[in-house]
Each structure stands twice: as structure tokens, then as C-alpha cells.
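Trainee:
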Amino acid sequence: MLALTLLAAVGSVLLALATVLLRPHLFGPKPQHAGAHHGAALTVTDLRVRLAYEAGQRSVQTARHHLVTHRL
Numbered sequence: 001m002l003a004l005t006l007l008a009a010v011g012s013v014l015l016a017l018a019t020v021l022l023r024p025h026l027f028g029p030k031p032q033h034a035g036a037h038h039g040a041a042l043t044v045t046d047l048r049v050r051l052a053y054e055a056g057q058r059s060v061q062t063a064r065h066h067l068v069t070h071r072l
């Protein structure tokens with residue numbers, strides 16, 4: 001019984017390690033955005049700024065200003 005438990009634990013650790021190491025090779029890199037450090041995902045604020053920018057703001061800085069000022 002103990003051997004089966006240890007085998008299951010070792011298998012789980014190996015599976016987790018393989019998932020971490022093989023993820024970029026199997027599914028590609030994580031989504032990136034301007035100014036993000038490597039591996040950072042988009043946040044709600046980033047998405048709101050992007051929406052404001054695409055809605056006709058002149059620049060990302062203007063979109064950020066509107067986000068902060070007008071609480072979009």
C-alpha cells in the first residue's frame with residue numbers, strides 16, 4: 001500500500017514537472033502585452049486601456065489618462 005502511494009506521488013510530481021517544462025513547446029508562449037515582463041498575462045486594466053485605445057483614443061497614454069480620470 002505504501003509503495004502504491006509513493007508511486008502515485010512520484011508520478012504526480014513527474015507529471016507536474018513535465019507540464020511546466022513542456023507547456024511552451026506544446027501550446028506556445030503566454031500572451032504578452034506592451035511593457036510586460038516576460039511571462040506576464042494581460043490584466044483587466046490592460047484590457048480596458050486597449051478597449052479605450054481601440055475606441056478612438058489617440059494614444060495608449062491618452063487611453064490610460066481616460067481610464068484613470070473617468071473610471072471607464
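Take the sequence shown: its position 61, counted from the start at 1, is 61 in this note's numbering, and no numbers get skipped.
By construction, the Cβ of each residue, glycine as well, lies at the ideal position given by its N, Cα and C atoms.
Considering just the uninterrupted stretch of the alpha helix (DSSP H) at T45, what are its terminal residues?
Mentor: Per DSSP, T45 belongs to the alpha helix (DSSP H) from 44-54.
Trainee: Quick check on S12: does DSSP put it in helix, strand or coil?
Mentor: S12: helix per DSSP, three-state reduction.
Trainee: Would you decide whether V49 is buried or exposed? Buried here means 16 or more other CB atoms lie within 10 Å of its CB.
Mentor: Answer is buried; the Cβ neighbour count reaches 16.
Trainee: Can you have a look at A63 and say buried or exposed, based on whether 16 or more other CB atoms are within 10 angstroms of its CB?
Mentor: That one is buried.
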